[in-house]
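Residue numbers (my numbering): 948 to 1504. One structure is given below, encoded as structure tokens.
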């Protein structure tokens, strides 16, 4: 058996949904405002994971443009029934106040890589849905949201409602099967040992997060809580490396061993407060049944383990006939200029592939081309880094708290509305951006057609302090720029060079802890990414070329 070190999926990979089909375990995660929607990985041993697909295909279309930070696709749940993968998720369109506007969709596919069917909206009552397949019927679980000032405080209970055979419509009315005063969400149902087990996320998404277990002899309850307390939490262990442990799903290995996939966050501390730059990550725990029939962590207690033994390897690697499914297509590992690529599209253009992500709409050759200049990625500048519409930004998740990243860029901006560079990005209110642009040679406020000069500068956007710039230097417009950065825990330093000269620092050492869920005064649910971006706030025709992108985790977290 392999020994897995947690997290097994490092970096921004929250709300894990875990199933096994044949010899493969499949893992789906929330994507919020990022594309690809619902990234899905697969593994035979729960240790080595490869990208297997996402919610995609001609009919797999969602409009996320205009949605705010941390809105979008919340808490997907993957399941298997009738020879198909089923996927249910909620698109949250607004939140943060008493109301949440949201739509829950169901879609199905033969292969997790797609093509997925056109998503069908089945409810708008809440979020964190899952589907329980039992005795040939399909049941939709959902938490119910109560917006009323005199209501139940938002989290109003767990709904259960039947779906039709194709998941395209609900049957009858939803029924509340469990309700209590605490904040509960993320419901999942399992049938073990002639009992129904209802697993819930509880306590919110911060340090109080956890997983609770209920059980009943009847599908509709009543459900009794485990007298032991939570199944999983780190709320009472503030120095545990894996904080915020909670929200998970259970899968059963071929030998009957139960595994729990859950989220947790590694952290750094500043001024007595914990910050998780990497966001919420996916971890794996082994589970067992107690003598009196409760599901518990194998290691006893409720704290997450930093390691967990994986499943026993099968003798021949063959999938059981009853769950046989064609192997999902693994991700293409070819690269152009340090940027991973996918297959050529219908128009003959290469497209960016995993681990690269884009904001609120998929990567398109109309603004991100790997074909126009061989060996380079060409971005056409569009809206600003504060936009919730159409940014020309592609980035990959940070997987370590200590990394070095860099890229070579060629760009000749002609006015101050055009810029391009290397960016560490959390959301529209939190980012660090080493960018080249243009300024008036004698000062930014000169009247008339003042001479201009190309510069390199650092932008910092912070929800408390707003937008600031640091370290402006004049550069030669006819030569490529090398842009690099080192992140060490919460410290970020940018570097630059030109024409083969040595790298030199630009701007001060920056506090990067704001690139986390824990900074600011609003709810934040994603994680930090690093990548490249280009803007043209005038006519959206400016282009910038990037190559030799490098990403290297360093010793440390």
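Backbone N, C-alpha and C define an ideal beta-carbon position, used for all residues, glycine too.
N- and C-terminal bounds of the beta strand (DSSP E) containing residue i
{"i": "residue 1220", "result": "1220-1222"}
{"i": "residue 1241", "result": "Where residue 1241 is concerned, there is no enclosing beta strand (DSSP E), given that its DSSP letter is neither H nor E."}
{"i": "residue 1502", "result": "Neither: residue 1502 is in no beta strand (DSSP E) and is coded neither H nor E."}
{"i": "residue 1148", "result": "1142-1149"}
{"i": "residue 1012", "result": "No beta strand (DSSP E) contains residue 1012, which DSSP labels as neither H nor E."}
{"i": "residue 1122", "result": "1117-1125"}
{"i": "residue 1481", "result": "1476-1483"}
{"i": "residue 1451", "result": "1451-1458"}
{"i": "residue 1080", "result": "1077-1081"}
{"i": "residue 1157", "result": "1157-1163"}
{"i": "residue 1033", "result": "1031-1041"}
{"i": "residue 1021", "result": "1019-1028"}
{"i": "residue 1442", "result": "1438-1445"}
{"i": "residue 951", "result": "950-952"}
{"i": "residue 1134", "result": "1131-1139"}
{"i": "residue 1429", "result": "1428-1435"}
{"i": "residue 965", "result": "964-968"}
{"i": "residue 1342", "result": "1339-1344"}
{"i": "residue 1335", "result": "Segment: none, residue 1335 is in no beta strand (DSSP E) and carries neither H nor E."}
{"i": "residue 1319", "result": "No beta strand (DSSP E) contains residue 1319, which DSSP labels as neither H nor E."}
{"i": "residue 1068", "result": "1067-1070"}
{"i": "residue 1256", "result": "1254-1256"}
{"i": "residue 1216", "result": "1215-1217"}
Cut-off 6 Å between Cβ atoms - residues of its own chain near residue i, not counting five sequence neighbours on either side
{"i": "residue 1193", "result": "1148, 1156, 1157 and 1158"}
{"i": "residue 1468", "result": "none"}
{"i": "residue 1475", "result": "1224, 1345, 1373 and 1462"}
{"i": "residue 957", "result": "1228 and 1346"}
{"i": "residue 1420", "result": "1403"}
{"i": "residue 990", "result": "972 and 996"}
{"i": "residue 959", "result": "1226, 1344, 1473 and 1474"}
{"i": "residue 1121", "result": "1106 and 1108"}
{"i": "residue 1004", "result": "1061, 1062 and 1063"}
{"i": "residue 1444", "result": "1429 and 1450"}
{"i": "residue 1416", "result": "1404 and 1406"}
{"i": "residue 1358", "result": "1367, 1383 and 1491"}
{"i": "residue 1316", "result": "1325"}
Spatial neighbours of residue i in its chain, beta-carbon cut-off 7 Å, leaving aside the 5 residues before and after
{"i": "residue 1306", "result": "980, 981, 1338 and 1340"}
{"i": "residue 1130", "result": "1102, 1149, 1150 and 1151"}
{"i": "residue 951", "result": "993, 994, 1231, 1254, 1255 and 1257"}
{"i": "residue 1418", "result": "1404, 1405, 1453 and 1454"}
{"i": "residue 1263", "result": "With a pLDDT of 45 at residue 1263, under the threshold of 50, the modelled position of that residue is not reliable, and no figure is offered here."}
{"i": "residue 1169", "result": "1163"}
{"i": "residue 1497", "result": "1285, 1352 and 1353"}
{"i": "residue 1013", "result": "1335 and 1336"}
{"i": "residue 1237", "result": "1243"}
Residues that residue i bridges to, as DSSP identifies them
{"i": "residue 988", "result": "974 and 998"}
{"i": "residue 1416", "result": "1406"}
{"i": "residue 1090", "result": "1105"}
{"i": "residue 1195", "result": "1209"}
{"i": "residue 1382", "result": "1368 and 1404"}
{"i": "residue 1493", "result": "1324 and 1356"}
{"i": "residue 1172", "result": "1161"}
{"i": "residue 1377", "result": "1374"}
{"i": "residue 981", "result": "1306"}
{"i": "residue 1054", "result": "1034"}
{"i": "residue 1048", "result": "1041"}
{"i": "residue 1085", "result": "1080 and 1110"}
{"i": "residue 1229", "result": "956 and 1210"}
{"i": "residue 1234", "result": "1205 and 1244"}
{"i": "residue 1167", "result": "None; residue 1167 has no bridge partner."}
{"i": "residue 1181", "result": "Answer is none; residue 1181 lacks a bridge partner."}
8 Å contact criterion, which residue i and residue j should meet: CB distance rounded
{"i": "residue 1006", "j": "residue 1065", "result": "4 Å"}
{"i": "residue 1076", "j": "residue 1024", "result": "6 Å"}
{"i": "residue 1385", "j": "residue 1371", "result": "That pair is no contact at about 23 Å."}
Any chain C beta carbon closer than 9 Å to residue i
{"i": "residue 1210", "result": "Absent from the structure is chain C; it holds one protein chain and no more."}
Same chain only: Cβ atoms within 8 Å of residue i, ignoring 5 sequence neighbours per side
{"i": "residue 1268", "result": "Because residue 1268 sits at a pLDDT of 34, beneath the cut-off of 50, its placement in the model cannot be relied upon, and the following sentence gives the value as read from the coordinates. Hits under 8 Å: none found."}
{"i": "residue 1117", "result": "1069, 1070, 1087, 1108, 1109, 1110 and 1111"}
{"i": "residue 1332", "result": "1338, 1340, 1370, 1372, 1375, 1378, 1380, 1406, 1408, 1480 and 1482"}
{"i": "residue 966", "result": "972, 973, 1025, 1026, 1027, 1196 and 1198"}
{"i": "residue 1171", "result": "1161, 1162 and 1163"}
beta-carbon residue i near the ligand SAH non-hydrogen atom, thresh 8 Å
{"i": "residue 991", "result": "Here there are no bound small molecules, and the ligand SAH is not part of this structure."}
Original post:
Does the stretch 1215-1233 come close enough to the stretch 1241-1258 to have 3 or more Cβ pairs within less than 8 Å?
Top reply: Segments in contact, yes.
**OP:** Flag this pair as touching only if the stretch 1319-1339 and the stretch 1477-1487 have three or more C-beta atom pairs under 8 Å; answer yes or no.
**Re:** Because the criterion of three Cβ pairs below 8 Å is met, the stretch 1319-1339 and the stretch 1477-1487 touch.
Original post:
Does the stretch 1202-1212 come close enough to the stretch 1435-1451 to have 3 or more Cβ pairs within less than 8 Å?
Top reply: The stretch 1435-1451 and the stretch 1202-1212 do not touch, with fewer than three beta-carbon pairs separated by less than 8 Å.
**OP:** Determine, using beta-carbon pairs with one atom in the stretch 1038-1050 and one in the stretch 1084-1101, whether at least three such pairs fall under 8 Å.
**Re:** Yes, since at least three Cβ pairs between the stretch 1038-1050 and the stretch 1084-1101 fall closer than 8 Å, the two stretches touch.
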